[in-house]
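Residue numbers (our numbering), protein chains in the order written: chain H, 106 to 232; chain L, 33 to 183.
Shown next, in structure tokens, is the structure this report addresses.
Encoded structure:
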């Protein structure tokens, strides 16, 4: 598992006129696989898209601004926008068994490792 | 009065610029795109017809770990965020491939307008976003003060 299984690609799919942020993430390894955490404040389960395609895992979280109409901004320290980040998975991850859970604006993705293949003896026949 | 050619007078600056470009070349900024507010948590404040609204992004916090207090027109937000190893059992440091999120205790105080109803203050915490509603006090009517003559 020392290969580059978490190389991410930044800056793609930016929507013009809309903020797209790279969410901060933690990745750690357990016996069973990799665990990834991403901070996605303001993202609901319905507006989160997780996609695996050609070894690439993409997470896109859409944030709807929840400010009532007519609210006048008095002081603004942060912008509200969507989150996008993608990762290259190693071939050792079982793509069909990836699990994800979103709690309080934090996404947890479990990426299970494929069981190591047992060495198989190959019978050599004499001609 | 000395006269310089415009380009000439800027040459040292251009050299400096080139030097900076050379230094910066190939340096990858690892914090690019990650929000790094000066104060944690970053807050936005809005004014509505009947209230002020304060919002703060606090992903991974639990409502019960949030403490809001108000005194002398200062609203204090306080809390702590646990790192994932607590939720997932013992995780040694070398097992981390990447660590970008921050954890620990934090506190922030915000001055709020005097004319709010402190008893009717309310807060909600959904999807990692805290919203604090500060209802405005009803406008006081000017009161007539009778003036008596000293006769």
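The beta carbon of each residue, even a glycine, is placed where N, CA and C say it ideally should be.
This one's a predicted model, so the numbers in the text were calculated from it and none came from an experiment.
| query | residue 133/H to residue 187/H, Cα distance in whole Å? | reply | Counting from 1 along the first chain, the entry for residue 133/H is found at position 28. Counting from 1 along the first chain, the entry for residue 187/H is found at position 82. The straight-line gap from Cα to Cα measures roughly 24 Å.
| query | Under a CB-based cut-off of 9 Å, is residue 64/L close to chain H? | reply | Taking the first residue of the second chain as position 1, residue 64/L is located at position 32. For residue 64/L, the pLDDT reaches just 41, beneath the cut-off of 50, and the residue's location in the model is therefore unreliable, although a value from the coordinates is still provided. Cβ-Cβ to chain H under 9 Å: yes for residue 64/L.
| In three-state terms, what does DSSP make of residue 116/L? | One-based indexing of the second chain puts residue 116/L at position 84. Of the three classes helix, strand and coil, the one that applies to residue 116/L here is helix, per DSSP.
| query | Hey, would you say residue 218/H sits closer than 9 Å to residue 145/H, going by beta carbons? | reply | Looking up residue 218/H in the first chain gives position 113. Looking up residue 145/H in the first chain gives position 40. Cβ distance not < 9 Å, so residue 218/H and residue 145/H don't count as in contact.
| query | So which of 209/H, 189/H and 194/H has the shortest CA-CA distance to residue 158/H? | reply | Start at 1 with the first residue of the first chain, and residue 158/H comes out as number 53. Of all alpha-carbon atoms in 209/H, 189/H and 194/H, the one lying nearest the alpha-carbon of residue 158/H is that of 194/H.
| task | Could you work out which residues of chain H lie near residue 116/L, taking near to mean beta carbons separated by less than 7 Å? | result | For the purposes of this step, residue 116/L is identified with residue 84 of the second chain, where counting begins at 1. The answer, in chain order, is 131 and 142.
| task | Please list the partners that residue 102/L has in chain H, where partner means a Cβ-to-Cβ separation under 8 Å. | result | Residue mapping note: residue 102/L aligns to position 70 of the second chain, counting from 1. Those within 8 Å of residue 102/L in chain H number zero; the least Cβ separation is about 18 Å.
| message | By alpha-carbon positions, which one of 229/H, 200/H, 127/H and 197/H ends up nearest to residue 164/H? | response | Here residue 164/H corresponds to residue number 59 of the first chain, with the count starting at 1. Residue 127/H holds the alpha-carbon nearest to the alpha-carbon of residue 164/H among 229/H, 200/H, 127/H and 197/H.
| Cross-chain neighbours of residue 136/L in chain H, by beta carbon under 9 Å | Within the second chain, numbered from 1, the residue matching residue 136/L stands at position 104. None at all; the shortest Cβ gap to chain H is about 14 Å.
| Which whole-angstrom value describes the C-beta separation of residue 144/L and residue 105/L, a residue pair presumed to lie in contact below a C-beta threshold of 8 Å? | Mapped onto the second chain, residue 144/L falls at position 112. Mapped onto the second chain, residue 105/L falls at position 73. With 8 Å as the limit, residue 144/L and residue 105/L qualify as a contact, their Cβ atoms being about 6 Å apart.
| What number of angstroms, rounded off, separates the C-alpha of residue 130/L from the C-alpha of residue 89/L? | Locating residue 130/L in the second chain gives position 98, where the first residue counts as 1. Locating residue 89/L in the second chain gives position 57, where the first residue counts as 1. Rounded to the nearest angstrom, the two C-alpha atoms are 22 Å apart.
| task | Return yes when the Cβ of residue 166/L is within less than 9 Å of the Cβ of residue 87/L, no when it is not. | result | By one-based count along the second chain, residue 87/L stands at place 55. By one-based count along the second chain, residue 166/L stands at place 134. Their beta carbons are not under 9 Å apart, which means residue 87/L does not touch residue 166/L by this criterion.
| query | Using 8 Å as the threshold, is the stretch 163-177 of chain H in touch with the stretch 71-85 of chain L, meaning 3 or more CB pairs across them? | reply | yes
| query | Closest by CA to residue 164/L, which one among 116/L, 150/L and 155/L? | reply | Walking along the second chain from the start, residue 164/L turns up at place 132. The candidate whose alpha carbon is nearest that of residue 164/L is 155/L.
| said: Is it the case that the stretch 131-139 of chain L contacts the stretch 98-112 of chain L, given that we only count it when at least three CB pairs across the two stretches are under 8 Å? | reply: Enough Cβ pairs lie closer than 8 Å, so yes.
| task | Spell out whether any CB of chain H is found under 9 Å from the CB atom of residue 133/L. | result | Walking along the second chain from the start, residue 133/L turns up at place 101. Yes, its Cβ sits closer than 9 Å to a Cβ of chain H.
| request: Provide the residue span of the beta strand (DSSP E) that contains residue 136/L, from first to last. | output: One-based indexing of the second chain puts residue 136/L at position 104. Element bounds for residue 136/L: 136-143.
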